[in-house]
Every structure is written in C-alpha cells, then in structure tokens.
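Asker: So that we are looking at the same thing, I have put the structure below in structure tokens.
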Amino acid sequence: MKNTFLTAVFATATLASCSTVSSIMQNTFPYTTNIVVTQASPANTTLSAVGAGTSINQLVGATSNVKDIRVASANMTVTAGGQSMGVFQSVKVYLSAGGSEVLVASRENIADNIGNTLSLDVNSNQVLDSVMKSGNAVQQRIVYVLKSSPATDLGIRTSMNFSSLPVTTN
1 MKNTFLTAVF ATATLASCST VSSIMQNTFP YTTNIVVTQA SPANTTLSAV GAGTSINQLV
61 GATSNVKDIR VASANMTVTA GGQSMGVFQS VKVYLSAGGS EVLVASRENI ADNIGNTLSL
121 DVNSNQVLDS VMKSGNAVQQ RIVYVLKSSP ATDLGIRTSM NFSSLPVTTN
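For the sequence shown, counting from 1, position 89 maps to 89 in our numbering; every step adds exactly one.
So, in structure tokens, the structure goes:
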C-alpha cells in the first residue's frame with residue numbers, strides 16, 4: 001500500500017513537471033496590460049496610453065531556453081465603462097523594454113457594433129527576443145483614435161499570447 005501511494009505521488013509530480021516543461025518548450029505564454037481611456041477624451045485625435053507589463057524572464061524565468069518570440073494573438077476588451085470597442089476608430093499596440101518601440105498589433109476601421117472584445121491584426125513576422133528577453137519591464141503603448149468621446153472612463157485590457165521556439169544545443 002505504501003509503495004502504491006509513493007508511486008502515485010511520484011507519477012503526479014512527474015506529470016505536473018512534464019506539463020510545465022511542455023508549456024515552456026512550446027512557449028505560448030500570455031501578457032496582459034490594463035489602461036484607462038478617460039472620459040471626454042477628444043475624438044478624431046491621435047491619443048496614447050502606456051501600461052507596464054513583465055518580460056519573459058519575469059513571466060516564466062526561462063530567457064535562455066527560448067528564442068524567436070513572436071506575437072501569436074492579441075485582443076482588446078472593455079472591462080469597465082459600459083461602451084463597446086466600437087468607440088475606437090483605430091488602435092496600434094507597441095512594445096518596448098527601454099529601447100525603441102516595436103509595432104506588434106493593430107486594427108483600422110473598427111465597426112461600431114464590434115462588441116466588448118476586439119481581435120487585433122498581429123505582426124507575427126516581428127521577432128521580439130530583444131524586447132521580451134531584455135530583463136527590463138516591458139512597456140506597452142497603445143496609440144488610438146476615438147470616433148467619439150467616451151461618456152465615462154473606459155477600462156481597457158489588452159491580452160497577447162506569444163509563441164517561441166526552444167533553444168537547442170548541439
């Protein structure tokens with residue numbers, strides 16, 4: 001009975017470890033930032049907001065294990081304020097980590113009836129190793145144009161998923 005219990009504990013620990021390693025090796029990891037679009041922000045004007053996030057080292061602690069980090073998907077969601085993403089005319093998302101900014105996602109000509117969540121067009125050709133592996137806090141800047149001024153402050157969450165390849169040594 002004791003051997004069965006120890007075997008079960010060992011198997012569970014092994015499977016949990018394999019799951020973590022598999023996640024790191026496949027490297028799809030999330031990145032989320034929150035911003036606020038203030039009430040009465042002017043329409044038809046280019047505006048921006050900045051949110052700080054974390055580097056891959058802070059996210060998974062595995063900078064030496066991954067390479068070719070790219071944005072796999074990105075979306076924006078209204079989390080507070082009661083309006084839809086249709087209040088935006090266009091959105092561009094940039095990332096930086098103490099250096100120059102890199103355009104990672106955008107969306108133009110946003111429909112009025114889009115709802116609370118907007119899927120962004122990602123720049124999946126852009127390799128983000130220098131930004132995500134820098135060890136510095138990753139800063140996200142959102143550049144946007146509103147169709148109309150919001151009636152209340154809007155809480156906006158930007159969620160991105162990144163993909164990468166494992167570093168192999170020969």
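The beta-carbon is built from N, C-alpha and C at its ideal position, and this holds for glycine as well.
1) Give the DSSP bridge partners of Pro30, in chain order.
2) Near Ser90, which residues of its chain fall below 6 Å by C-beta distance, leaving aside the five closest residues on each side in sequence?
3) Which same chain residues end up closer than 8 Å to Ser124 when comparing Cβ atoms and leaving out the 5 residues on each side of it in sequence?
4) Contact check, Leu120 vs Ala74 under 8 Å by CB: the rounded distance?
5) Find out if the Cβ-Cβ distance for the pair Ser96, Gln126 is shorter than 8 Å.
6) Once DSSP output is grouped into helix, strand and coil, what is the label at Val21?
7) Does DSSP classify Asn75 as helix, strand or coil?
8) Which two residues bound the contiguous alpha helix (DSSP H) that contains Ser130?
9) When you compare the CB positions of Ser175 and Val93, do they come within less than 8 Å of one another, or not?
10) Nearest-angstrom Cα distance between Leu154 and Val37?
11) Tell me whether Gly155 sits in a helix, a strand or coil according to DSSP, three-state version.
12) Kindly indicate which residue of Asn65, Met76, Ala49, Glu101 has the alpha-carbon position closest to the one of Asn161.
13) From the DSSP output, read off the bridge partner residues of Ser119.
14) Please classify Val50 as buried or exposed, where buried requires at least 16 other C-beta atoms within 10 Å of its C-beta.
15) Could you round the C-beta distance between Lys67 and Val167 to whole angstroms and report it? I think they count as a contact, below 8 Å.
16) Could you pull the DSSP bridge partners for Lys92 from this structure?
Answerer: Here's the rundown:
1) For Pro30, which the question treats as bridged, DSSP gives the partners Asn161.
2) These residues qualify, in order along the chain: Glu108, Val145.
3) Hits under 8 Å: Arg70, Val71, Ala72.
4) Contact annotation, Leu120 with Ala74: C-beta distance approximately 4 Å; criterion of less than 8 Å satisfied.
5) Result no, Cβ atoms of Ser96 and Gln126 do not sit closer than 8 Å.
6) The predicted model places Val21 with a pLDDT of 47, which falls under 50 and marks its position as unreliable, so this point remains unresolved.
7) Strand.
8) Annotation for Ser130: the continuous alpha helix (DSSP H) segment containing it runs 129–132.
9) Only positions 1 to 170 of the chain appear in this structure, which leaves residue 175 out of reach.
10) Answer to the nearest angstrom: the Cα atoms are 5 Å apart.
11) Three-state result, Gly155: strand.
12) For the residues Asn65, Met76, Ala49, Glu101, the minimum Cα distance to Asn161 belongs to Met76.
13) Within the DSSP secondary-structure output, Ser119 pairs in a beta bridge with Asn75.
14) Exposed is the label assigned to Val50, since fewer than 16 other Cβ atoms lie within 10 Å of its Cβ.
15) Right, the Cβ-Cβ distance comes to about 5 Å (below 8 Å), so this counts as a contact.
16) Per DSSP, Ser106, Val143.
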